[in-house]
Amino acid sequence: MVECVSKGDLSGGLALFASSIPFPRIISRTCNRPCENACKRLEAGESIQVNALERACVDLADKRPSPPRSLPRKGKRVAVVGAGLSGLTAAVDLAKKGYQVVVLEASARPGGRIHALPEQVLSRQALDADFEVLQHLGVEVRYDSPVGNAEGSCVRFDALTGDFDAVYLGPGPGSVDRLLLGLELGAEGRIRLDPVTFATSHPKVFAGGGQRQGAAAYSSITSLQDGRYAALSIDRFLQKASLTGSREQQGSYSSRLFTSTKGVEPLPAIRPADPPRGYTQAEAEEEARRCLSCQCLECVKACEYLAHYGSYPKRYVRQIYNNDCIVMGARTLNRMVNSCALCGLCEAICPEKLSMGEVVREARQSLVAKGKMPPSTHEFALRDMAFSRSEHFALVRHAPHRDSSATIFFPGCQLGASSPEHVLRVYEHLREKVDGGVGLHLGCCGAPADWAGRQDLFREALDELAGTWKRMGSPRVITACSSCYEVFKHELPGVEVESLWTLLARLGPPRPMPAAAPRALAIHDPCTTRSHGDVHDAVRRILTALGVRAEELPYSRELTTCCGYGGLQSFANPEIADKTVLRRIAESELDYVTYCAMCRDSFSAKGKRTLHVLDLLFGAAEADPASRKGPTFSQRHENRARLKTRLLRELWGEQVNGEGDPTPMPLIVSPEVQALMEKRMILLEDVERVIARAEASGEKIEDRTTGHLVASHRPVNVTYWVEYSVDASGIVIHNAYSHRMEVG
């Protein structure tokens, strides 16, 4: 209702108000406003003047809501004793449900104690207008009809309980023992009531109003509450349903809803210029705009993925469940399911610890298992993982001149792809500083398969890791990648694993120290370190030792954000990944420092000057490493392959098969085309395969206007197209694109 008023829609506000309150004119002028004492706005100014806004809707709306409708008659009759607000509310609610309702009132008019209010507060015209609903719903009101078993009663209570299927008593606050109703009484001669169901000692009889309020001051809204809850019990009683089921949150209770007022400007309530007349429309709109629209949404505020789809987690969970388990046709929400970074920020920030990441992860696994997840979504990332596990990169060795390893260094696939020099230097440093022999294991932990919902590939990678670890003598594993650390720690619990960063913090910086580091850097923690405070602390100790003052970003440590690569977000939904990165890099004007290769490369790709901690520890080949752009996808493959070749040649003295073979005719790719290929996730090796197949088979098309050749190839699920030409200098690539679909 308040939201409607804030938008100037007072008619919409009135419709909502009247749908909940049977007598809107009365309540808008008489409510004692208990809600305002609990208003969240009190933490930042004054509470929202809800009752004044209710009155504004009633007085200023240019369109009155339609009268309520009743359900078809049920054939059962209910008597309501007392035409106060409690009894009349019960009568209206029961009549709307289809019961035949008769109200018996001892006086000559409805309203009870409400008539004690002066005319300037509540006019007789407003009362009459509100009570028209009784006639509209077919409620019969019998005036001058006192009820009781005592002498002089017009209607005997015994006969009433016999003639009607249920009875509601709302006779006012006084003692009722004089009426000889035969009901069990409590303090001060009032009827003893069940505090939840409003049931009395008679199975057919329910009571409320003044009978429940006791000596408390009169409250029109509490009277309505009593009549409503009693009507609910009567309806359940007549339908032979449980009177108590699902009523734990009836009335006021402590809400689990969390609404932060951090950063909210304290504002006073808007006062009407003419208090007796109430708000003008402009005043009402201004007051309504102070409302915080209490919703939690803390995770939505922090996550571009959750914000992108314009709703909130409870609805997302329902939609994802429907997409997975109910939808029989096309799964239109598959892209949404695949767009989550699985970073865990939602769970870390949520007061209720709801993990959208786990919901999404399970949905991906289920959809893959059912064959309802198109493989093309994650194919590129899984091909990259396969390359890292293949002979092109995979390598397991004890240290040179050793036949055992107490420790093995597992740098992960992305550090070698981004900065192969760092792998070499870290491995050299570990061999110098760590006793017992340090072996080397190049490969991939399988995290991309887990993120893609491919549990078959993930389990295959884990089994391979476990087997290799045992063959190497079950050494301690040191990981440079936080995702690898998570996989080893949680999926291979028998393996002793330590983060490179806690180890380097103990070992201290290498000697001699590299060139002086910048004085202040903003530190970004990789999202997969979220639950590892020891790693956060270790990196900060390393930076302190290097003379760096690390500035914390708004979301750091256990509340850090993703760089857009986690969960394969950048592959499934580049738009959200870009928003995620751009939001993160805008949080500080300082250069950034991180200890994840993919985070560093994601930030630098968007123009943010970013260093890897290893740039500071071991130096970098570039004069200004913070400005280094990350490698392309093709370069990442090449970097891994060359790293393996160099290690084998320089450390173990081994010649790699094919090394020194003549190079094929070179590909000539302009920076513009290279950027297009990167955006479209096309590798140079994909282009090479298309051209090789076209030249060998002759299956190509010539564009006679340009002389360019066009060819395609579909190795698995993706069809690649290349536009090229051949000249004396090599093969010139003019364009490349792909489509990830099957044409029937």
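In the working numbering, the protein residues as written are 87 to 830. We put the beta carbon where it would ideally sit given N, CA and C, even for glycine.
Do you know how far the Cα of residue j is from the Cα of residue i?
{"i": "E785", "j": "F466", "result": "25 Å"}
{"i": "S92", "j": "E546", "result": "57 Å"}
{"i": "L213", "j": "A176", "result": "17 Å"}
{"i": "S713", "j": "C685", "result": "14 Å"}
{"i": "C385", "j": "H622", "result": "22 Å"}
{"i": "V818", "j": "S688", "result": "29 Å"}
{"i": "R627", "j": "A591", "result": "7 Å"}
{"i": "A374", "j": "P354", "result": "12 Å"}
{"i": "D179", "j": "R242", "result": "25 Å"}
{"i": "H799", "j": "L468", "result": "19 Å"}
{"i": "P289", "j": "D251", "result": "10 Å"}
{"i": "G275", "j": "Q297", "result": "9 Å"}
Please name the residue or residues paired with residue i in a DSSP beta bridge.
{"i": "T696", "result": "Y678"}
{"i": "H464", "result": "Per DSSP, none; premise fails for H464."}
{"i": "T647", "result": "In the DSSP output, where bridge partners are listed per residue, T647 has none listed."}
{"i": "A293", "result": "L255"}
{"i": "Y810", "result": "L795, I819"}
{"i": "L128", "result": "The partner list for L128 (beta bridge, DSSP) is empty, contrary to what the question assumes."}
{"i": "S585", "result": "T565"}
{"i": "G525", "result": "I494"}
{"i": "G234", "result": "R242"}
{"i": "Y482", "result": "Per the sequence shown, residue 482 should be read as Val rather than Tyr. Beta-bridge pairing links V482 to H527."}
{"i": "A317", "result": "In the DSSP output, where bridge partners are listed per residue, A317 has none listed."}
When you compare the CB positions of residue i and residue j, do they come within less than 9 Å of one another, or not?
{"i": "S491", "j": "M558", "result": "yes"}
{"i": "G173", "j": "V189", "result": "yes"}
{"i": "L392", "j": "M442", "result": "yes"}
{"i": "E774", "j": "H723", "result": "no"}
{"i": "A538", "j": "V454", "result": "yes"}
{"i": "L589", "j": "V573", "result": "no"}
{"i": "P596", "j": "S569", "result": "no"}
{"i": "A761", "j": "R779", "result": "no"}
{"i": "D230", "j": "A169", "result": "no"}
{"i": "G529", "j": "T493", "result": "no"}
{"i": "R483", "j": "W738", "result": "yes"}
{"i": "L253", "j": "F292", "result": "According to the sequence shown, residue 253 is Val rather than Leu. Yes. Within cutoff."}
{"i": "Y850", "j": "G331", "result": "It is not possible to answer for residue 850, since the shown part of the chain is limited to 87 through 830."}
{"i": "A838", "j": "C143", "result": "Residue 838 lies beyond the stretch modelled for the chain, which goes from 87 to 830, so this question has no answer here."}
{"i": "V167", "j": "G256", "result": "yes"}
{"i": "Y681", "j": "V625", "result": "yes"}
{"i": "A683", "j": "G532", "result": "no"}
{"i": "G619", "j": "E351", "result": "no"}
{"i": "S379", "j": "C411", "result": "no"}
{"i": "S306", "j": "L171", "result": "yes"}
{"i": "H464", "j": "A658", "result": "yes"}
Report all residues from its chain with a CB closer than 8 Å to the CB of residue i; omit the five preceding and five following residues, and keep chain order.
{"i": "T749", "result": "Because the pLDDT of T749 is 44, which lies under 50, any placement of that residue in the model is unreliable, and the number read from its coordinates should be weighed accordingly. Within the same chain, T749 has no close Cβ partners at all."}
{"i": "E637", "result": "A606, L607, A608, I609, S674, L676"}
{"i": "E708", "result": "R714"}
I'd like the list of long-range same chain contacts for residue i, defined as Cβ closer than 7 Å, with 5 residues on each side in sequence excluded.
{"i": "E788", "result": "L795"}
{"i": "G98", "result": "C90"}
{"i": "F304", "result": "Checking the sequence, you will find Tyr at residue 304 rather than Phe. Around Y304: R199."}
{"i": "S287", "result": "L269, E270, R278"}
{"i": "E745", "result": "Reliability of the predicted coordinates at E745 is poor, the pLDDT of 44 falling under 50, and no value is obtained from them."}
{"i": "M751", "result": "G816, I817"}
{"i": "E438", "result": "R342"}
{"i": "A194", "result": "Y229, D230"}
Does residue i pass the burial test, meaning 16 or more other C-beta atoms within 10 Å, or should it be called exposed?
{"i": "F544", "result": "buried"}
{"i": "C240", "result": "exposed"}
{"i": "R342", "result": "exposed"}
{"i": "A104", "result": "buried"}
{"i": "I564", "result": "buried"}
{"i": "R111", "result": "buried"}
{"i": "N123", "result": "exposed"}
{"i": "D536", "result": "buried"}
{"i": "D910", "result": "In the structure as shown, the chain begins at 87 and stops at 830. Residue 910 is therefore absent and cannot be evaluated."}
{"i": "K348", "result": "exposed"}
{"i": "L157", "result": "exposed"}
{"i": "S720", "result": "buried"}
{"i": "H527", "result": "buried"}
Comparing the CB of residue i with every heavy atom of the ligand GDP, is any distance shorter than 8 Å?
{"i": "I609", "result": "Only the bare structure without any ligand can be found here, which leaves the ligand GDP out of the picture."}
Sorted by chain position, which residues of the same chain lie with C-beta nearer than 6 Å to residue i's C-beta, five sequence neighbours on each side aside?
{"i": "I356", "result": "E369, E372, E373"}
{"i": "Q741", "result": "none"}
{"i": "D216", "result": "F109, R111, I112"}
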